[in-house]
Amino acid sequence: MTMAADSNTPVENKDEFLTSAVSANTHIPSVSASAVLGESESMPDGHPICKGHDFQTSNSIDSIMESMLNTGFQATNLGKAVEEVRRMRKWRLSDVPWKEGD
Numbered sequence: 169m170t171m172a173a174d175s176n177t178p179v180e181n182k183d184e185f186l187t188s189a190v191s192a193n194t195h196i197p198s199v200s201a202s203a204v205l206g207e208s209e210s211m212p213d214g215h216p217i218c219k220g221h222d223f224q225t226s227n228s229i230d231s232i233m234e235s236m237l238n239t240g241f242q243a244t245n246l247g248k249a250v251e252e253v254r255r256m257r258k259w260r261l262s263d264v265p266w267k268e269g270d
């Protein structure tokens, strides 16, 4: 239950409360308010959950870089880049099949 900002009165409908609170504040442009206070959508099944690194379990650079995949948008892309660099460093020409004459 949401509480009204000017009192301890509970507000039954959160959407109405947000709309009235935003419209009452002339410093917030309506386009900004609707972008920030819009309805959330459910994430698709199998989507990773965003969470930070747990420093209680490990402080190694490898585990920190691995946890970047679930930390947030920019960190996720950094984590993907780290994975790609690891994949590139692991690659060997001997891994590629070839036959005489190629």
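The opening position of the sequence shown corresponds to residue 169 in our numbering, with each subsequent residue numbered one higher. By construction, the Cβ of each residue, glycine as well, lies at the ideal position given by its N, Cα and C atoms.
Problem set entry | Spatial distance of ILE196 from VAL204 (CA atoms) | As a first step, residue 196 is located in the sequence shown; it is residue number 28 there, counting from the start. As a first step, residue 204 is located in the sequence shown; it is residue number 36 there, counting from the start. Spanning the two alpha carbons is a distance of roughly 11 Å.
For this session: Compute the Euclidean distance between the alpha carbons of HIS221 and ASN227, then round it to the nearest angstrom.
Result: One-based indexing of the sequence shown puts residue 221 at position 53. One-based indexing of the sequence shown puts residue 227 at position 59. Each residue's Cα considered, the two are about 9 Å apart.
Problem set entry | Within 8 Å, strictly: CB atoms of ASN238 and LYS219 | In the sequence shown, residue 238 corresponds to position 70, counting from 1. In the sequence shown, residue 219 corresponds to position 51, counting from 1. Cβ atoms of ASN238 and LYS219: closer than 8 Å.
Exercise. Taking just the CA atoms, how far does THR194 sit from ALA243?
Worked result: Here residue 243 corresponds to residue number 75 of the sequence shown, with the count starting at 1. Here residue 194 corresponds to residue number 26 of the sequence shown, with the count starting at 1. About 35 Å.
Exercise. Is the beta carbon of MET236 less than 8 Å from the beta carbon of VAL250?
Worked result: Within the sequence shown, numbered from 1, the residue matching residue 236 stands at position 68. Within the sequence shown, numbered from 1, the residue matching residue 250 stands at position 82. It is a contact, given that the beta carbons lie within the stated cut-off.
For this session: With DSSP as the reference, label PHE241 as helix, strand or coil.
Result: For the purposes of this step, residue 241 is taken as residue 73 along the sequence shown, with counting starting at 1. DSSP places PHE241 in helix when its eight states are reduced to three.
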